[in-house]
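Okay, structure first, notes after.
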Amino acid sequence: DSGVTQTPKHLITATGQRVTLRCSPRSGDLSVYWYQQSLDQGLQFLIQYYNGEERAKGNILERFSAQQFPDLHSELNLSSLELGDSALYFCASSPHRTSGGGNTGELFFGEGSRLTVL
Amino acid sequence: AQSVTQPDIHITVSEGASLELRCNYSYGATPYLFWYVQSPGQGLQLLLKYFSGDTLVQGIKGFEAEFKRSQSSFNLRKPSVHWSDAAEYFCAVGPAPHSNYQLIWGAGTKLIIKP
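Quick note, the sequences are listed as chains A and B, same order. Here my numbering is used: the first residue of the first sequence is 345, the next is one more, and so on. Here my numbering is used: the first residue of the second sequence is -10, the next is one more, and so on.
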């Protein structure tokens, strides 16, 4: 058990719909990362939040957005869904300090939310 | 261009046999290297990492990896695999421990264990 919790585990929806994926990081971890894993694209970094603020953006579509709340949980919102958005969405957390000691570089992943768009 | 290559999409080994999973990278700066494992239905878990020092690093579950700068490789090894090692293995490279968002991931190698 990594300590990272993601809900829901599975989600089936239709094209054009909107869904929200939720992530609770490990206790005390300030950084949350969202990844998309698909067969054709592999593991793609979407976005990172650190202590409530957006820290880094990767290959995140404009139809997707995320936020991190004061209690450090995060939500990934996917809208106007397309068939190609079907994938496994992972959340990961890390302690993340800006530099120096205490950074293990380790990401702790949740079990993922499998999204199927029909 | 920066990249991570895992040349083998699938590898099949017999239980008890030795294992080597290959990882080659192209990276402009000093690389920080990671191996993660994804068991079926699970998230990724860190097996081991290399930042500096001894180029042979030990990880969890009996895995080790050797950093070879001259060959731009960071191959993962295990002397004797167990059925529970069946999983997908990902190699990743980044610029620094605190820059996880910059990790470049390999496509993964799926390990299949023959009884």
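Glycine included, every Cβ here is placed at the ideal spot set by N, Cα and C. Treat the numbers as computed from the prediction; the structure is a model and nothing was measured.
Is DSSP giving residue i helix, strand or coil here?
| i | result |
| --- | --- |
| G445/A | In this predicted model, G445/A has a pLDDT of only 46, less than 50, meaning its place in the structure is not dependable enough to derive any value. |
| G48/B | coil |
| E433/A | The sequence shown places Tyr at residue 433/A, rather than the Glu named in the question. Note: Y433/A maps to strand in three-state DSSP. |
| Y90/B | helix |
| R407/A | coil |
| R370/A | coil |
| R66/B | strand |
| G347/A | coil |
| R399/A | strand |
| R458/A | strand |
Rounded C-beta distance between residue i and residue j? I'm assuming under 8 Å.
| i | j | result |
| --- | --- | --- |
| S418/A | T460/A | That belief does not hold up - the Cβ atoms of S418/A and T460/A are roughly 22 Å apart, past 8 Å. |
| Y21/B | V82/B | 7 Å |
List the residues of chain B that residue i touches, going by C-beta distances under 8 Å, in chain order.
| i | result |
| --- | --- |
| F408/A | The contacting residues do not exist; F408/A stays about 16 Å from chain B at best. |
| Q412/A | Correct list: empty, because the minimum Cβ distance to chain B is about 14 Å. |
So which residues of chain B does residue i contact, with C-beta pairs closer than 9 Å?
| i | result |
| --- | --- |
| Q380/A | Within chain B, no residue comes near Q380/A; the closest Cβ sits about 12 Å away, beyond 9 Å. |
Quick one: residues in its chain with C-beta nearer than 6 Å to the C-beta of residue i, no 5 flanking neighbours on either side, listed in chain order?
| i | result |
| --- | --- |
| Y377/A | Q392 and A436 |
| R11/B | P(-4) and N64 |
If we define contact as Cβ-Cβ less than 7 Å, is residue i a contact residue for chain A?
| i | result |
| --- | --- |
| P(-4)/B | no |
| Q47/B | no |
| A6/B | no |
| G32/B | yes |
| L36/B | no |
| P178/B | Only positions -10 to 104 of chain B appear in this structure, which leaves residue 178/B out of reach. |
| P29/B | no |
Does residue i get closer than 7 Å to chain B when you measure Cβ to Cβ?
| i | result |
| --- | --- |
| A400/A | yes |
| H354/A | no |
| G449/A | yes |
| Q392/A | yes |
| G454/A | yes |
Residues in its own chain within less than 7 Å of residue i by CB, not counting five upstream and five downstream?
| i | result |
| --- | --- |
| P68/B | S7 |
| S409/A | N421 |
Only counting the same chain, and skipping five residues up and downstream in sequence, which positions put a Cβ closer than 8 Å to that of residue i?
| i | result |
| --- | --- |
| A(-10)/B | S15 |
| E397/A | Q412 |
| Q388/A | Y379, Q380, Q381, S382, G402 and N403 |
| L355/A | V363, L365, S457, R458, L459 and T460 |
For residue i, go through chain B and note every residue whose CB falls closer than 7 Å to its CB, in chain order.
| i | result |
| --- | --- |
| S438/A | N89 |
Whose Cβ in chain A lies nearer than 7 Å to the Cβ of residue i?
| i | result |
| --- | --- |
| W94/B | G386 and L387 |
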